[in-house]
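Down below is the structure, laid out as structure tokens.
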Amino acid sequence: MELQHIQWQPTQYAAFLQQLSEQADPDYQAFHQKLLVSDLPVLGIRLPQLRKLAKEIGKGDSRGFLSVCGTTFHEERLLYGFVSATLPYFEFLPHSDHMAEVLTENWGTCDTFCSSLRQVLSIPENKAHYFDHILSYLSSKNPWALRVGLIIMLTQYLQEDTITEVLQRTGAVQSDFYYVRMAQAWLFATAWAKFRDQTAAYLQACPPEAWTFRKFVQKACESRRISPEDKAYLKSLLPPVSRTSTTSVSQHS
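Residue numbers (my numbering): 6 to 258.
In structure tokens:
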């Protein structure tokens, strides 16, 4: 199938999905299905292959593809996100909103989509606009949209000109949802590795609640980019362990 030459209609998409299913790796499918903690069925297609397919589709009738792309399988949602990120920036925005508010229902879809936006955000003006645009995700009642907003900041905005606001936005998010709180902890740990002094000052002034702080320290201690001295220091700040469990879902970042 020469994907860049297809004018996408439901018939063409059905044939594409059938071909995709025939390329599935059963062992990877079983492994990834368990890892995602998701109700979505997984075909078993590895990410490099999906990215390659999305790149080919993006060279052709990408808008037609997005209009017929299904949502049944995990890989279909990833393809939707990947292909949407090949569009011009302002065309991409409603698809980004759809990914955040509708299509994301597991940490894998969230994190893979958020880490795939460098091309569409390559123009500085667009990247600055998107930083404001994702405020709607960070104030959403949908916890997965909250995580999308946090992971977009983690993957795209941990830089000198935005670090202060990223830290403030991250601390302002209020949620009991496990995957949101883990995203906050992961973001703080990554920010510490990249901008130690700014992050240390923020966390001293505005410490997160005990559970998130403990997970932040855990993530920081797992990082090779944080010094042994800092790891020891952070461990010394740990609050007492609470007996109250915040969640029962499997722990994936």
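The beta-carbon is built from N, C-alpha and C at its ideal position, and this holds for glycine as well.
Simplified DSSP state of valine 42, which is helix, strand or coil: Along the sequence shown, read from residue 1 onward, the residue named residue 42 stands at position 37. Three-state DSSP puts valine 42 in coil, outside helix and strand.
Please tell me whether tyrosine 142 and valine 153 are closer than 7 angstroms, where the distance is taken between their beta carbons. Position 137 of the sequence shown, counting from 1, holds the residue named residue 142. Position 148 of the sequence shown, counting from 1, holds the residue named residue 153. The Cβ atoms of tyrosine 142 and valine 153 lie closer than 7 angstroms to each other.
Mind checking whether serine 228 and alanine 198 have CB atoms under 7 angstroms apart? The residue you call residue 228 lines up with position 223 of the sequence shown. The residue you call residue 198 lines up with position 193 of the sequence shown. Yes, Cβ-Cβ distance for serine 228 and alanine 198 is below 7 angstroms.
Please classify glutamate 81: is it buried, with 16 or more other beta-carbons within 10 angstroms of its beta-carbon, or exposed? The residue labelled residue 81 in the question sits at position 76 within the sequence shown. By the neighbour-count rule (16 or more Cβ atoms within 10 Å), glutamate 81 is buried.
Contact check, glutamine 12 vs aspartate 66, beta carbons under 7 angstroms: Counted from its first residue, the sequence shown places residue 12 at position 7. Counted from its first residue, the sequence shown places residue 66 at position 61. The Cβ-Cβ distance between glutamine 12 and aspartate 66 falls below 7 angstroms.
Let's see if you can read the secondary structure: which residues bound the alpha helix (DSSP H) around aspartate 102? For the purposes of this step, residue 102 is taken as residue 97 along the sequence shown, with counting starting at 1. Where aspartate 102 is concerned, the enclosing alpha helix (DSSP H) stretches over 94–103.
If you draw a straight line from the alpha carbon of threonine 249 to that of valine 178, how long is it in whole angstroms? As a working note, residue 249 is residue 244 in the sequence shown. As a working note, residue 178 is residue 173 in the sequence shown. Reliability of the predicted coordinates at threonine 249 is poor, the pLDDT of 49 falling under 50, and the value obtained from them is presented with this limitation in mind. Between threonine 249 and valine 178, the alpha-carbon positions lie close to 21 angstroms from each other.
Ignore the nearest five residues each way along the sequence and tell me which others in lysine 64's own chain have a CB closer than 6 angstroms to its CB. Counting from 1 along the sequence shown, the entry for residue 64 is found at position 59. Within the same chain, Cβ atoms closer than 6 angstroms to the Cβ of lysine 64 are found at Gln9, the five residues on either side in sequence being excluded.
Sorted by chain position, which residues of the same chain lie with C-beta nearer than 8 angstroms to arginine 51's C-beta, five sequence neighbours on each side aside? Position 46 of the sequence shown, counting from 1, holds the residue named residue 51. Closer than 8 angstroms at Cβ, skipping near neighbours: Asp30, Tyr33.
Tell me whether phenylalanine 136 sits in a helix, a strand or coil according to DSSP, three-state version. Stepping through the sequence shown from its first residue, residue 136 is reached at position 131. In the three-state reduction of the DSSP assignment, phenylalanine 136 falls in the helix class, which pools H, G and I.
Top-ranked residue by Cα proximity to tyrosine 207, from Thr114, Gly176, Lys240, Ser101: Position 202 of the sequence shown, counted from the first residue, corresponds to residue 207. Checking every option, the nearest Cα to that of tyrosine 207 belongs to Gly176.
Would tyrosine 207 pass as an interface residue toward chain B - the criterion being a Cβ-Cβ separation below 7 angstroms? Absent from the structure is chain B; it holds one protein chain and no more.
Close-in-space but distant-in-sequence residues of the same chain around aspartate 102 (CB under 7 angstroms, 5 per side omitted): As a first step, residue 102 is located in the sequence shown; it is residue number 97 there, counting from the start. Excluding positions up to five away in sequence, the list is empty.
Check threonine 204 in the structure and name its three-state DSSP category. As a first step, residue 204 is located in the sequence shown; it is residue number 199 there, counting from the start. In this structure, threonine 204 counts as helix in the three-state DSSP scheme.
Under the three-state DSSP convention, the category arginine 156 falls into: Here residue 156 is taken as the residue at index 151 of the sequence shown, counted from 1. In the sequence on display, residue 156 carries isoleucine and not arginine. Reduced to three states, the DSSP call for isoleucine 156 is helix.
Near serine 120, what residues of its chain come up, given a Cβ to Cβ distance below 6 angstroms and the 5 sequence neighbours on each side ignored? The residue you call residue 120 lines up with position 115 of the sequence shown. So the qualifying residues of the chain are Thr160.
Write down the C-beta distance between phenylalanine 70 and valine 47 rounded to the nearest angstrom, noting that I regard them as a contact closer than 8 angstroms. If you number the sequence shown from 1, residue 70 lands on position 65. If you number the sequence shown from 1, residue 47 lands on position 42. Rounded, the Cβ-Cβ distance is 20 angstroms, inconsistent with contact.
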